[in-house]
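Student: For the record, in the sequence shown the residue sitting at position 1072 is 1879 according to my numbering, with numbers rising by one throughout. Glycine is no exception: its CB is placed at the ideal position from the N, C-alpha and C atoms. Just dropping this structure here.
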Amino acid sequence: MLGKRRRDSGDGSRPLVAFLVLFIEYSHFRYLLGSDANMAERGQLSFPAKRICSRPGYGSGCRPGQLVGGTGLGNGAFCAGSAAAVAAAAAAALGRLPFGKTQSPETLLDIAARKVAEKWPFQRVEERFERIPEPVQRRIVYWSFPRSEREICMYSSFNTGAEDYTAVPRGGTAGTVPSAGADTAATDENLLPFRRGIALLDGGCVDNVLQVGFHLSGTVTEPAMQSEPETVCNVAISFDRCKITSVTCSCGNKDIFYCAHVVALSLYRIRKPDQVKLHLPISETLFQMNRDQLQKIAQYLITVHHTEVLPTAQKLADEILSKNSEINQIHGAPDPTAGASIDDENCWHLDEEQVQQQVKLFLSQGGYHGSGKQLNLLFAKVREMLKMRDSNGARMLTLITEQFMDDSRLLLWRQQGTAMTDKYRQLWDELGGLWMCIVLNPHCKSEQKAGWLKQLKKWNSVDVCPWEDGNHGSEITNLTNALPQGANADQDSSNKPHRTVFTRAIEACDLHWQDSHLQHIIISDLYTNYCYHDDTENSLFDSHGWPLWHEHVPTACARVDALRSHGYPQEALRLAIAIVNTLRRQQQKQLEMFRAQKKELLHKGVTSITNLEGWVGHPLDPIGTLFSSLMEACRVDDDSFHGFSDRESTEQCKSLEYHHLPAHRFLEEGESYLMLAVEVALIGLGQQRIMPDGLYAQEKVCRNEEQLISKLQEIEVDDSLVKIFRKQAVFLLEAGPYSGLGEVIHRESVPMHTFAKYLFTSLLPHDAELAYKTALRAMWLLVLESVAPSGDVSHPYHIASVVPNRYPHWFTLSHIESQQCELASTMLTAAKGDVRRLETVLESIQKNIHSSSHIFKLAQDAFKIATLMDSLPDITLLKVSLELGLQVMRMTLSTLNWRRREMVRWLVTCATEIGVYALDSIMQNWFTLFTPTEATSIVATTVMSNSTIVRLHLDCHQQEKLASSARTLALQCAMKDPQNCALSALTLCEKDHIAFETAYQIVLDAATTSMSYSQLFTIARYMEHRGYPMRAYKLATLAMMHLNLSYNQDTHPAINDVLWACALSHSLGKNELAAIIPLIVKSVKCATVLSDVLRRCTLTTPGMVGLHGGRRNSGKLMSLDKAPLRQLLDATIGAYINTTHSRLTHISPRHYSEFIEFLSKARETFLMAHDGHIQFTQFIDNLKQIYKGKKKLMMLVRERFG
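And the structure:
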């Protein structure tokens, strides 16, 4: 900015005063009277000003270019006081200010200077007028500093996402606080720069405040802390047209936001403007000085700051003294305090480098340390800027997007073929949604939109740009350009590449706001046509004469979101109501259409989907947008005003806002925004739609549905909302292919379980019949069912699992099945005590739920509900629980299930709770429910236990009946699976001789064919324990026939059984021992085992320790020279010889000592024979000869055995 000569001359001021008077009269009264003289440029909307807020000075709660509490889209709308009493009278005449409520008028100079300060760069003022009087300059400079604390807060703290501010009386505190889930530092309100700045201001820490032209400076003292001394920060702020354009502070703060010291100085200037010493730009002061004064100030300046400025001063002096220097070619000299030039962009200071660094840092943390929350807060800050109509919103989003596109993980994930994390994917969705809002700005200039389109296409063309539906690409047609208003609307989409997160924003660049019908909808609450009788599908008005808006629903809702995002809530609300009325009219038309074709459709079994895109889970979230817009309209209360002005002005503005809130006419009598919000949510949730392709898209459908239902659950259901629920439930049941709960459901349709559960719980207290009808209809899960025959769409066939190789894959099937289970559980709980309802719910569960684990969960839930401690058991619900348990048993009987034993035990518990007949029933039908092992080891054993008898208070007759059933079950199981059930059968039949004998005979029959030696040894030991030694001996001999122990199996688990069998035979007598020894010799080749058996047989006389005073013998020990011990001795010696040769084949030196000990044991066995010494000597000599190559080993053999 070049300083220019100016004079304070009365005559010279006339042109400027004349211009200022014309300017204020034109701009002020035009908006006051609602003139349409100044229409916006082509492609933008222009709306008349809503009201004038007159007050002394400028209320800080108002923003330049915006009405107090208003939402008009007109570029000329402003917040200003009356210039004179005639303006107040005019406002009163128009009903915009209560008549007689006049206020102290501002001077014409102040009004004009304020408007000039808001709109014109100071250079334009200088160029327009050769001489500007000093008082005029001073007022322009005075009014050029920002007067709203909202922007100061916005640039010095994160937004919570609630889009709310706290009204702050002068001297109070205000700001926004991160949500409860943010980091500790972020959640501490006192650490926010805005809050800290207010604290510094209130603490009197701001001093030396000086305004020189368009430059504000001062010092802010940071009080001493525990570990930090007091510091003084030098702060400098430049401003232009009520916006801070640059800030510097000696604190060295590096952050996206203004530091607390900048906040403190800014608020000081806003709140205490009269205490700030104001000077004209420094060039004006210098112009008033003579040569001596100029030289003196220059020399003093150099003296005070000689170390910093002396080299620069000398350099400038040299250039000025040089006639040909560049500095002498320019008229005048730059003045940092003289304001902005014409070419300077008028926007708030934003540290672009810090934005880039912060986003890069958050992305590098990969979702850790709360980085995802920080990025979401940045997105919320962009939305906050857009709502304030701050151009930095798009600028900041561009910086964020560039860092996202530079994320190195994008290329890595693409190369590896892996999907990005879910939270990161949601950040990309928010990014795309924000760009959609920006390009749909109703007031953006064509050159701005062209620049954004160019940038979006550049990002869109990058290979690693994420696809719209996650990692799964789909070729969806261009649905955004639903109206024929885009240049590319008719292009063939078949050749288009995958849709990216930016595709919809690119398509939205072709949309405009010039449609006259659309403009009338948005502008006016009175836009009706009661004489319009066009009842076609795309008619502009409904039967009430209310306007409709026919456009691709997500696109239309994107317009609503754009209006809301850019600070036009009333306009967004009007369009939202038109869209909802259109949807309701379409619903009625669809219902009439289906009723006319119902018989034909049901006969053919037609299940085509009528909606190409689902509205819930859609990238543009149309239903969520409509719901939020309508819900915001319901929350107009004392907290809805969020200014930062003094208390008096706040109350004044609030009263005006409430006074001018329009009562919307396009609602039914008694209908509210809340009812409309709930209805549109129900319409969207009940829409029949195909399950989208890809994991992320399917998860998004589930997530968005649950989020919307969660918001609905926060609303208290009253009588008016019950009417809405009834109306929508009836439509959903009767609307056929248009409804997700209709009679014609496509096999790939998104299930309605979660939604139906909400409908059920909401309707149940008011209309139970409708609630159950809706929930039962929603129980379908057709993707798990076989194709129903033609004309039988209401009773599809069941199959056990998902059809293999089905396209597309349902990645969220487990979650969907769990929601189906939750719906069923909710109905079971509600139906307690109602036999008819319980039977109906049970039938639905058995028909529609295909997961055994979920049915088991339902059975357990029903059991818990039926057996609550504070009431008697509900026998009907217990029977339902048992039926579900029986179904689980049948479903899992032939499959592997790790919870199977738990399921069996639970079923017995459930049957026990019901009574004897239930236990008897499951035992009689055991073969359809249990394996033989389960039936004997769990079911029958539990039924026969003392705890069951005590629990049921059984008499002798009942006990015997159960015992008889258990014995019958045991014998049947033993015959079917003797290996695993014989022992259990014997145990269960102990008290019944006939049954016991039958079980024993079953064991004998199976012993030679299907039973292993271990099973037979186990039963044999049981028989000995029960006092049947001969039966035990018989089973032991049968077991020995199946056994085979090789020479090296000296640790085999069957060794103990062999020794036990030998001991049993020995105790019974010589004959039994003589009979079993040949079996042992045949089955056992292990020398150590045989020697152990041999030693035990020679210790006592056979039969001397017989059980029950068994047969008595002569008392002589059995001779080793005679059978059967001679046979056992020879076999043992032979086993030692064979084992020795086998070991020497692969022996290593570290096993030499072990081998010598083995030979020592062998010698003991050899010596038991009468010629054993000779045999052992010959054996050793043979070893020495055969293995003489193993010199070290043979030396050890000689040392031990000679």
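#1: With 16 other CB atoms within 10 Å as the buried threshold, where does L1111 fall?
#2: How would you write the range of the alpha helix (DSSP H) that L1778 sits in, first residue to last?
#3: In angstroms with no decimal places, state the Cα-to-Cα distance between K1686 and F1538.
#4: Would a C-beta distance cut-off of 8 Å place D1681 and G1640 closer than the cut-off?
#5: Is the beta carbon of T1633 sitting closer than 8 Å to the one on F1567?
#6: Between E1344, G1173, W950 and S1171, which lies nearest to D1081 when the distance is taken from Cα to Cα?
#7: Just grab the DSSP bridge partners of Q1494 for me.
#8: Specify the secondary structure class of K1998 as computed by DSSP and reduced to three states.
#9: Taking A1120 as the reference, give the member of T1208, A1105 and R1002 with the closest Cα.
#10: Check this for me: beta carbons of S1075 and L1117, under 8 Å apart or not?
#11: Assuming N1199 contacts L1247 (C-beta within less than 8 Å), just tell me the rounded distance between them.
#12: Quick one: complete beta strand (DSSP E) runs, 3+ long, within the stretch 1159–1219?
#13: Please classify D1276 as buried or exposed, where buried requires at least 16 other C-beta atoms within 10 Å of its C-beta.
#14: Return the residue from the list E1115, M1438, L1886 and A1773 that minimises the CA-CA distance to E1521.
#15: For Q1743, count the other beta carbons within 10 Å of its own beta carbon; 16 or more makes it buried, fewer makes it exposed. Which is it?
#16: Can you give the Cα-Cα distance for S1660 and W1617, rounded to whole angstroms?
#17: Leaving out the 5 sequence neighbours to the left and right, which residues in its chain are closer than 7 Å to L1689 when beta-carbon positions are compared?
#18: For A1673 and L1684, what's the separation of their Cα atoms in angstroms?
#19: Tell whether a beta-carbon distance below 8 Å holds between L1382 and W1356.
#20: Could you check the C-alpha separation between R1216 and L1234 for me, to the nearest Å?
#21: Who are the near neighbours of A1315 in its chain, counting only those whose CB is closer than 7 Å to its CB and skipping five residues on each side?
#22: Should I1809 and P1836 be called a contact, given that it needs their Cβ atoms to be closer than 8 Å?
#23: In three-state DSSP terms, what is A1226?
#24: Comparing the CB of W1235 with every heavy atom of the ligand HEM, is any distance shorter than 7 Å?
#25: Measure from the alpha carbon of S1148 to the alpha carbon of each residue in F1046, M1227, Q1163 and S1621, then state which is nearest.
#26: For I1623 and P1376, what's the separation of their Cα atoms in angstroms?
#27: Throw me the rounded Cβ distance for the K1194 and H1373 pair, which I believe falls under 8 Å.
#28: Please name the residue, chosen from R1970, M1212, K1998 and I1884, that lies closest to F1986 on a Cα-to-Cα basis.
#29: Just the C-alpha distance for R1950 and H1980, rounded to the nearest angstrom, thanks.
#30: Are the C-beta atoms of L1776 and some chain D residue less than 8 Å apart?
#31: In three-state terms, what does DSSP make of N1015?
#32: Would you grab the beta carbon distance between H1068 and V1027 for me? Rounded to a whole angstrom, and I think it's under 8 Å.
#33: Does the stretch 1420–1433 come close enough to the stretch 1510–1519 to have 3 or more Cβ pairs within less than 8 Å?
#34: Report yes or no: do the stretch 1388–1397 and the stretch 1259–1274 share at least 3 C-beta pairs separated by less than 8 Å?
#35: Whole angstroms are fine: how far does the CA of V1083 sit from the CA of M961?
#36: Assuming the contact rule is C-beta atoms closer than 8 Å, R1823 and A1747 should be a hit. Round their C-beta distance to whole Å, please.
Tutor: Answer, in terms of the structure:
#1: The sequence given here places Val at residue 1111; Leu does not occur at that position. Label assigned to V1111: exposed.
#2: Looking at the DSSP string, the run of the alpha helix (DSSP H) that includes L1778 is C1763 to K1783.
#3: When rounded, the distance between both Cα atoms is 35 Å.
#4: Yes; because the gap between Cβ atoms is below 8 Å, this pair is in contact.
#5: The Cβ-Cβ distance between T1633 and F1567 falls below 8 Å.
#6: It is W950 whose Cα lies nearest to the Cα of D1081.
#7: Beta-bridge partners of Q1494 (DSSP): S1546.
#8: For K1998, the secondary structure class from DSSP, reduced to helix, strand or coil, is helix.
#9: Among T1208, A1105 and R1002, the Cα nearest to that of A1120 belongs to A1105.
#10: Sequence inspection shows Tyr at residue 1075; the Ser mentioned does not correspond to that position. Contact flag unset, no.
#11: About 18 Å separates the Cβ atoms of N1199 and L1247, ruling out a contact at the 8 Å cut-off.
#12: Listed in chain order, there is nothing to give.
#13: Under this definition D1276 is a buried residue.
#14: Taking only the C-alpha atoms, the option nearest E1521 is M1438.
#15: Per the sequence shown, the amino acid found at residue 1743 is Thr instead of Gln. Per the 10 Å Cβ criterion, buried.
#16: S1660 and W1617: Cα-Cα distance of roughly 19 Å.
#17: The residues C1717, A1718, I1721 and A1725, in chain order, have a CB closer than 7 Å to that of L1689 in the same chain once the five nearest residues on each side in sequence are set aside.
#18: Roughly 6 Å between the two C-alpha positions.
#19: Cβ distance < 8 Å, so L1382 and W1356 count as in contact.
#20: About 14 Å.
#21: The answer, listed in chain order, is M1243, V1246, L1247, T1287 and A1365.
#22: The Cβ atoms of I1809 and P1836 do not sit closer than 8 Å to each other.
#23: Here A1226 sits in coil by DSSP.
#24: This structure does not include the ligand HEM; it has no bound ligands of any sort.
#25: Closest by C-alpha distance to S1148, out of F1046, M1227, Q1163 and S1621, is F1046.
#26: A straight-line Cα-Cα distance of about 37 Å links I1623 and P1376.
#27: Rounded to the nearest angstrom, the Cβ distance from K1194 to H1373 is 7 Å, consistent with a contact under 8 Å.
#28: Distances from the alpha-carbon of F1986 to those of R1970, M1212, K1998 and I1884 put R1970 closest.
#29: Their backbone Cα atoms lie some 22 Å apart in a straight line.
#30: Among the chains in the structure shown there is no chain D, since it carries only a single protein chain.
#31: Of the three classes helix, strand and coil, the one that applies to N1015 here is strand, per DSSP.
#32: 4 Å between Cβ atoms; contact.
#33: The answer is yes - the stretch 1510–1519 touches the stretch 1420–1433, with three or more Cβ pairs under 8 Å.
#34: Judged by Cβ distances under 8 Å, the stretch 1388–1397 makes no contact with the stretch 1259–1274, as fewer than three pairs qualify.
#35: A direct Cα-Cα distance of roughly 24 Å separates M961 from V1083.
#36: The sequence given here places Leu at residue 1823; Arg does not occur at that position. About 22 Å separates the two Cβ atoms, so there is no contact after all.
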